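See below for the structure under consideration.
Protein chains in written order, with our numbering: chain A, 69 to 358; chain B, 991 to 1336.
Now the structure itself:
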């Protein structure tokens, strides 16, 4: 038995470790100051696919991402960890996409890679935290969705059983494939890079990257052995340009502001018995406590 | 083309909780929806989908619902995506709501994007504020009045974005539990009730998901309604020190909360996490122990009526929003608070 699994991944700015220089004076985000990383829950998604391949070695795991040329980094990273191949959807016309336009584009890419048995995406990306793209890709492909997947419990030629993580428990559901899953952060973390795969794929490049690198002649000697990462633009996909990018996005950003909290005139206290005694007395007399 | 029979009302998808009742977050959204409907001069509609909706009218009536749509069928609880999405999508096509609100719960966050994709309309997740405002599209010179400003933290909570959906309807948004206030209306009327014929709303292939097994735990910890919260951060130092917070909470009749860093460090359980990736709270007193006050945390507690911060770092950002900033160590201060509370409380 073997399967074909498509994993959607995204390169994101690391919003969890935002330093002082991450915001510009005008309140916009200084993307340059934030390292670009592999979206954490997409790593869970990749692992979920690779586990199926562990049990069914003829399974093919393909990653797909939409982003600028540098997003090929996470395709390579996926290959170091076990993915067989990767596709980069890249075009200026994709820029400014909201979740609806993004899912439209990703669904077009996924359709071109059909037939697949399972499509897995991370639940949400840390730059937007919307959790919308997975379900919207499923809707565009007219496939059922299983969100918050924690583990694939069983997979047979036609049917998959998945454990889902809910707020207050777990649910096990079964459905015929093909199906879209979104992986929850409580799913198993991704395995590390494999040294052999690292050597094999470190020179994997997209056409765009190769064009940028032509002056770097150290790489040219290896040109023949370079694994090609496929790059698809608008022209490679069966899509209506009106549904892409800013134009295809029903939501618009009206305003971006820095987070401002109203500064209070706080009463400054020490940890002395005197200060704490007075504080507790005040809180009780004013009925805040007691 | 506008359907002349529709009135472009405000819609709330009311979710059924594990206990079989309309979920708190949905009632909070009815409160918000009621206010927005009042401002626009339109009606508030709600849709409830489930298997046993006998008490639903009674549950939603106090929040001022004008029109209630019920879809009742054994197969509709527990929730699965496709039948709920089909019902909501078809109902929205018929009723053409101006605005649609859903809880940012596992169910709402599963359902809303599916519906928005079907209707090709905009959706904004996890809004923290919803207000009306105008918009001028300068490029096309089109003016819009009373658009829903959907305000949400973005970029890991480091910025606040105002999102609008100028040209698509409904303007869809999800909101997390605890963000909106819950308020009954003064003289509620009986809503007009429509029982939907479920067969006309679902598709044949919608019941493809078999729920094999479910394990739902009792609601153990829920601090969203707490009046007093003693909350700890990474600065508490250890799980042992965290016990001090429980002691103070016990004495004050409070609940214990935590920052993400404290939860990640294993000091306490995730259900207590306050902030953007946890719960939003608005207690009358919030005691922040060893919490530096990252924006993500402040977003979940800034509406507390009074804030006390205990931190050895006098420059900790949390102190900017604290009413009392105690410059000291948590393990020094908490025992003293317990001692003097006991001394003065009757």
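Built from N, CA and C at the ideal position, the CB exists for glycine as well.
The structure presented is a predicted model; accordingly, all values stated were derived computationally and were not measured.
Collapsed DSSP secondary structure at residue i in the structure displayed
i, result
"residue 352 of chain A", "helix"
"residue 163 of chain A", "coil"
"residue 1217 of chain B", "coil"
"residue 1291 of chain B", "coil"
"residue 192 of chain A", "coil"
"residue 134 of chain A", "strand"
"residue 1263 of chain B", "strand"
"residue 1069 of chain B", "coil"
"residue 232 of chain A", "strand"
"residue 304 of chain A", "helix"
"residue 994 of chain B", "Low confidence applies here, because residue 994 of chain B scores a pLDDT of 48, under 50, leaving its location unreliable; read the following figure in that light. Three-state DSSP puts residue 994 of chain B in coil, outside helix and strand."
"residue 1198 of chain B", "coil"
"residue 224 of chain A", "coil"
"residue 1169 of chain B", "coil"
"residue 1074 of chain B", "helix"
"residue 345 of chain A", "helix"
"residue 1250 of chain B", "helix"
"residue 1240 of chain B", "helix"
"residue 1036 of chain B", "strand"
"residue 1185 of chain B", "strand"
Given residue i as reference, the closest of the options once Cα atoms are compared
i, options, result
"residue 213 of chain A", "A:335, A:150, A:201", "A:201"
"residue 1262 of chain B", "B:1200, B:1307, B:1161, B:1250", "B:1250"
"residue 111 of chain A", "A:257, A:229, A:70", "A:257"
"residue 185 of chain A", "A:164, A:248, A:304, A:145", "A:248"
"residue 252 of chain A", "B:1178, B:1194, B:1237, B:1096", "B:1096"
"residue 1311 of chain B", "B:1090, B:1291, B:1325, B:1326", "B:1291"
"residue 1287 of chain B", "B:1329, B:1222, B:1313", "B:1222"
"residue 1213 of chain B", "B:1117, B:1228, B:1243, B:1229", "B:1243"
"residue 1324 of chain B", "A:354, A:356, A:338", "A:338"
"residue 1276 of chain B", "B:1284, B:1246, B:1282", "B:1246"
"residue 311 of chain A", "B:1110, B:1056, B:1102, B:1000", "B:1110"
"residue 163 of chain A", "A:137, A:281, A:271, A:149", "A:137"
"residue 1003 of chain B", "B:1034, B:1009, B:1335, B:1332", "B:1034"
"residue 1167 of chain B", "B:1117, B:1259, B:1159, B:1258", "B:1117"
Interface partners of residue i on chain A, CB under 9 Å
i, result
"residue 1331 of chain B", "348, 351, 352, 357, 358"
"residue 1166 of chain B", "What residue 1166 of chain B touches in chain A: nothing, since even the nearest Cβ is about 11 Å away."
"residue 1335 of chain B", "348, 352, 357, 358"
"residue 1218 of chain B", "356, 357"
"residue 1125 of chain B", "320, 322"
Backbone CA spacing between residue i and residue j [nearest angstrom]
i, j, result
"residue 1226 of chain B", "residue 307 of chain A", "54 Å"
"residue 226 of chain A", "residue 1078 of chain B", "29 Å"
"residue 102 of chain A", "residue 81 of chain A", "6 Å"
"residue 1105 of chain B", "residue 261 of chain A", "38 Å"
"residue 1017 of chain B", "residue 1066 of chain B", "20 Å"
"residue 1224 of chain B", "residue 1308 of chain B", "13 Å"
"residue 1185 of chain B", "residue 1062 of chain B", "8 Å"
"residue 203 of chain A", "residue 176 of chain A", "15 Å"
"residue 187 of chain A", "residue 326 of chain A", "36 Å"
"residue 1228 of chain B", "residue 120 of chain A", "39 Å"
"residue 301 of chain A", "residue 172 of chain A", "14 Å"
"residue 140 of chain A", "residue 156 of chain A", "7 Å"
"residue 416 of chain A", "residue 1165 of chain B", "Only positions 69 to 358 of chain A appear in the structure, and residue 416 of chain A is not among them; the question remains open."
Proximal chain B residues relative to residue i, where beta-carbon distance stays under 7 Å
i, result
"residue 215 of chain A", "1100"
"residue 198 of chain A", "1115"
"residue 321 of chain A", "1151, 1153"
"residue 325 of chain A", "1149, 1150"
"residue 345 of chain A", "1330"
Residues that residue i contacts on chain A, provided the C-beta gap is smaller than 7 Å
i, result
"residue 1226 of chain B", "Within chain A, no residue comes near residue 1226 of chain B; the closest Cβ sits about 15 Å away, beyond 7 Å."
"residue 1285 of chain B", "327"
"residue 1340 of chain B", "Outside the shown range of chain B (991 to 1336) lies residue 1340 of chain B, about which nothing can therefore be said."
Partner residues on chain B for residue i, Cβ-Cβ distance less than 8 Å
i, result
"residue 298 of chain A", "Neighbours of residue 298 of chain A on chain B: none; closest Cβ ~26 Å, over 8 Å."
Partners in chain E for residue i, counting only beta-carbon separations shorter than 7 Å
i, result
"residue 1072 of chain B", "Here chain E cannot be found, since the structure's protein chains are A and B."
Chain B residues whose Cβ lies nearer than 9 Å to that of residue i
i, result
"residue 341 of chain A", "1326, 1329, 1330"
"residue 338 of chain A", "1316, 1317, 1318"
Where residue i meets chain A, residues with beta-carbon distance less than 8 Å
i, result
"residue 1107 of chain B", "168, 171, 203, 204, 207, 208"
"residue 1172 of chain B", "Those within 8 Å of residue 1172 of chain B in chain A number zero; the least Cβ separation is about 19 Å."
"residue 1139 of chain B", "322"
"residue 1104 of chain B", "203, 204, 206, 207, 213"
"residue 1083 of chain B", "Correct list: empty, because the minimum Cβ distance to chain A is about 15 Å."
"residue 1095 of chain B", "235"
Cβ-heavy atom distance, residue i to the ligand FMN, below 7 Å
i, result
"residue 1280 of chain B", "Inclusion of the ligand FMN in the displayed structure is not the case, the ligand content being empty and no account of it being possible."
Exercise. The segment 220-240 of chain A: which residues have C-beta closer than 8 Å to a C-beta of chain B, in chain order?
Worked result: 229, 234, 235, 236, 237, 238, 239, 240
Exercise. Listed from N- to C-terminal order along the chain, which residues in the segment 149-167 of chain A have their beta-carbon within a distance smaller than 8 Å of any beta-carbon of chain B?
Worked result: 166, 167
Exercise. What residues in the segment 241-261 of chain A bring their beta carbon closer than 7 Å to a beta carbon of chain B?
Worked result: 241, 242, 243, 244
For this session: Please list the residues of the segment 1196-1207 of chain B that have a C-beta atom closer than 7 Å to any C-beta atom in chain A, keeping them in chain order.
Result: 1198, 1199, 1200, 1201, 1202, 1203, 1204, 1205, 1206, 1207
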